[in-house]
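The structure under discussion appears below in the form of structure tokens.
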Amino acid sequence: MANRIELFLRALGKPLVKFIASLGELTLFIAKSIYHCLTPPFYFKLMGRQFMDIGFYSLPVVGLTTIFAGMVIALQSYTGFARFGAESGVASVVLISVTRELAPALSGLMVAGRIGAAMAAEIGTMRVTEQIDALVTLSTNPFKYLVAPRIIAGVIVLPILVLIGDIIGIFGGYVVCVYKLGFNPANYINSTLQNLESLDIVTGVVKAAVFGFIITLMGCYNGYKSKGGAQGVGEATTNAVVSASILILVFNYIITELFFAK
Amino acid sequence: MSESKIKISNLHKAFGKKVVLDGVDLELRKGESLVVIGGSGTGKSVLIKCIQGLLTPDSGSILIDGEETVGADREQQAALHSKMGMLFQGGALFDSLTVWENVAFGLLENQKMPRKQAKTEAIRVLRQVGLAPDVADLSPSELSGGMQKRVSLARAIATKPEIIFFDEPTTGLDPIMAAVINDLIIESAKGLGATALTITHDMASARKIADRIAMLYKGKIIWEGTVKELDKTDNPYVLQFINGLSQGPIKVEI
Ligand SMILES: Nc1ncnc2c1ncn2[C@@H]1O[C@H](COP(=O)(O)OP(=O)(O)OP(=O)(O)O)[C@@H](O)[C@H]1O
Ligand SMILES: [Mg+2]
């Protein structure tokens with residue numbers, strides 16, 4: 480019996496075994512990371528630095544992507560709605576698409592590119608130059624010192640970024656509608672406020688927290704297990720960004736389904 | 006002097022099919038300075054990393070102060086690390102921190118010393134390794150290779166550990182600085198009463214700092230003895246190594 484299983488696995492070949500092994504490795508990494516995020520000691524100073532890196536310095540990128548996203552949605556939905564003479568619907572479309580989808584997904588992807596890569600490069604360099612070993616010999620747990628502050632900061636900061644992105648995106652829609660399409664500003668703001676529902680904001684924020692976890696986790700994980708000098712670090716950064724981006728799109732769908740599918 | 010500090014028996018470690026350590030037996034007595042010599046890639050760094058628990062040996066036993074460390078849990082390992090210091094071959098300085106924060110890392114994180122006091126202490130140790138106080142606020146990347154090595158040494162001895170590992174402390178230094186580092190190793194080992202395990206290719210340095218010398222070859226300790234015994238040995242492997250001969254029983258794979 481055991482022999483048959485072995486033959487079967489052999490037939491499936493090394494890639495599958497490798498895949499399962501790395502899945503196990505990742506699961507273990509996640510479990511360890513969560514454990515160390517929740518137990519003291521906490522490195523508040525390092526967390527603060529991550530808040531700045533992930534949050535504050537991502538503001539321009541998030542602002543630019545969401546404002547243009549809001550603007551383009553306003554323009555697109557106007558051309559659609561104009562046929563039915565329902566311009567007032569534009570405000571509600573902008574609101575819903577920005578808060579539920581565009582702000583979280585676009586911010587997530589942009590931050591994944593910006594932060595995931597930097598994180599994997601930094602931790603990967605620390606791995607290949609033995610700085611992580613040095614941490615251990617100085618009785619400091621690398622999960623506590625490197626991984627936990629990043630993940631905690633990511634999970635807290637992404638929702639804040641997305642809330643800001645919500646406002647900027649809606650403002651983008653407003654600008655196009657009022658200055659280009661000639662809407663009445665008061666009417667536009669009114670219909671935005673009327674359509675405002677907490678569920679839309681909440682889904683966006685939940686998505687953002689999950690994306691923050693994914694981005695920082697992928698950055699740390701790929702950096703942490705990188706080996707083989709500069710080339711290994713380069714691979715780690717690519718993997719961090721690609722895997723985080725794909726996971727963001729997958730989880731974007733899953734969370735939407737959880738919230739809205741009946 | 007005869008009390009055993011580290012006792013390694015029958016240690017094995019392989020990476021995939023590549024066997025690196027193949028039954029290493031080695032003992033360090035308390036307060037002793039042991040130098041391990043051996044060719045490049047014979048597994049000297051791997052040996053040190055196994056002792057520190059940075060790599061998990063495949064089999065064998067490592068006793069530190071009579072306590073088994075192979076398979077020890079996280080807490081036991083952390084306790085062990087608090088009495089060990091390590092100078093990494095590549096320096097391994099934290100490049101996100103300043104020089105003094107590197108040196109004081111163990112004091113700050115582990116002994117929870119206040120920052121001001123830790124900085125004073127770091128500057129004192131830096132001076133001890135021949136670095137001026139004004140490097141304290143620089144970043145490690147702004148230093149020369151030799152200076153980085155000294156900072157690394159300062160970090161290794163700053164917590165006054167009971168056991169210190171030096172992985173090629175003098176490689177890449179000018180002869181005078183190498184001599185200074187040798188003196189420092191002797192001083193920190195004898196002065197602190199620390200047990201020291203040094204890896205080096207530099208025979209002059211080995212003679213100077215060693216109470217005993219051991220040679221690693223093909224995953225085993227093939228020779229062990231004092232410096233005096235080294236001068237009298239007729240072991241062909243040791244003779245070839247210490248005289249730096251290209252011909253002899255050790256074949257270098259090119
Ligand atoms: N993490 C690792 N994964 C795979 N192989 C490794 C690893 N670490 C070391 N090795 C291999 O083990 C062997 C011994 O390496 P080690 O670094 O201990 O050599 P060394 O004796 O310290 O050499 P040197 O004097 O050049 O520093 C090398 O062949 C190396 O390729
Ligand atoms: Mg080495």
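Chains as they are written, first to last, in our numbering: chain A, 480 to 741; chain B, 6 to 259.
We treat Cβ as the ideally placed atom computed from N, Cα and C, and that holds for glycine.
Item to check | residue 50/B Cβ short of 6 angstroms to ligand 2 heavy atom set | outcome: yes
Checklist entry - Any idea if residue 614/A is buried or exposed, counting beta-carbon neighbours within 10 angstroms, 16 or more meaning buried? => result buried
Checklist entry - Going along the chain, which unbroken runs of the beta strand (DSSP E) with 3 or more residues stay wholly within the stretch 79–129 of chain B? => result 89–92
Item to check | Residue-chain proximity (residue 50/B, chain A), Cβ-Cβ < 7 angstroms | outcome: no
Checklist entry - Mind checking if residue 107/B is an interface residue toward chain A, Cβ cutoff 7 angstroms exclusive? => result no
Checklist entry - Under three-state DSSP, which class holds residue 733/A? => result helix
Item to check | Where the beta strand (DSSP E) through residue 220/B begins and ends | outcome: 217–222
Checklist entry - Does any CB atom of chain A fall closer than 7 angstroms to the CB of residue 251/B? => result no
Next on the checklist: Strictly below 8 angstroms CB to CB, what residues from chain B border residue 532/A?
Outcome noted: Result: empty, since nearest Cβ-Cβ is about 11 angstroms, beyond 8 angstroms.
Checklist entry - Among residues of its own chain, excluding the 5 on either side of residue 255/B, which ones have a beta-carbon nearer than 8 angstroms to its beta-carbon? => result 44, 222, 242, 245 and 246
Item to check | Span of the alpha helix (DSSP H), counted from its first residue to its last, around residue 606/A | outcome: 596–607
Item to check | Below-7 angstroms beta-carbon distance, residue 616/A vs any chain B residue | outcome: yes
Checklist entry - Is the CB of residue 76/B under 7 angstroms away from at least one CB in chain A? => result no
Next on the checklist: Just list the residues that DSSP pairs residue 230/B with in beta bridges.
Outcome noted: 218/B
Checklist entry - So, is the C-beta of residue 97/B closer than 7 angstroms to a C-beta in chain A? => result yes
Checklist entry - Can residue 47/B be considered in contact with ligand 1, in the sense that its beta carbon sits closer than 6 angstroms to one or more heavy atoms? => result yes
Next on the checklist: Quick check for students: name the residue ranges of the alpha helix (DSSP H) that lie wholly in the stretch 619–670 of chain A, counting only runs of 4 or more.
Outcome noted: 627–654
Checklist entry - Measuring CB to CB, does residue 577/A end up less than 7 angstroms from residue 559/A? => result no
Next on the checklist: Taking 6 angstroms as the cut-off, is the beta-carbon of residue 25/B closer than that to any non-hydrogen atom of ligand 1?
Outcome noted: yes
Next on the checklist: Taking 7 angstroms as the threshold (beta carbon to beta carbon), is residue 110/B in contact with chain C?
Outcome noted: Absent from the structure: chain C. Protein chains present are A and B.
Checklist entry - residue 559/A by DSSP, collapsed to three states: which one? => result helix
Next on the checklist: Counting C-beta neighbours from all protein chains within 10 Å, is the total for residue 518/A 16 or more, i.e. buried, or is it exposed?
Outcome noted: exposed
Checklist entry - Given a limit of 7 angstroms on CB to CB distance, which residues of the stretch 595–626 of chain A reach chain B? => result 608, 609, 610, 612, 613, 615, 616, 617, 618 and 619
Checklist entry - To the nearest whole angstrom, what separates the beta carbons of residue 511/A and residue 692/A, a pair I think is in contact under 8 angstroms? => result In fact, because the Cβ distance is near 14 angstroms, the residues do not count as touching under 8 angstroms.
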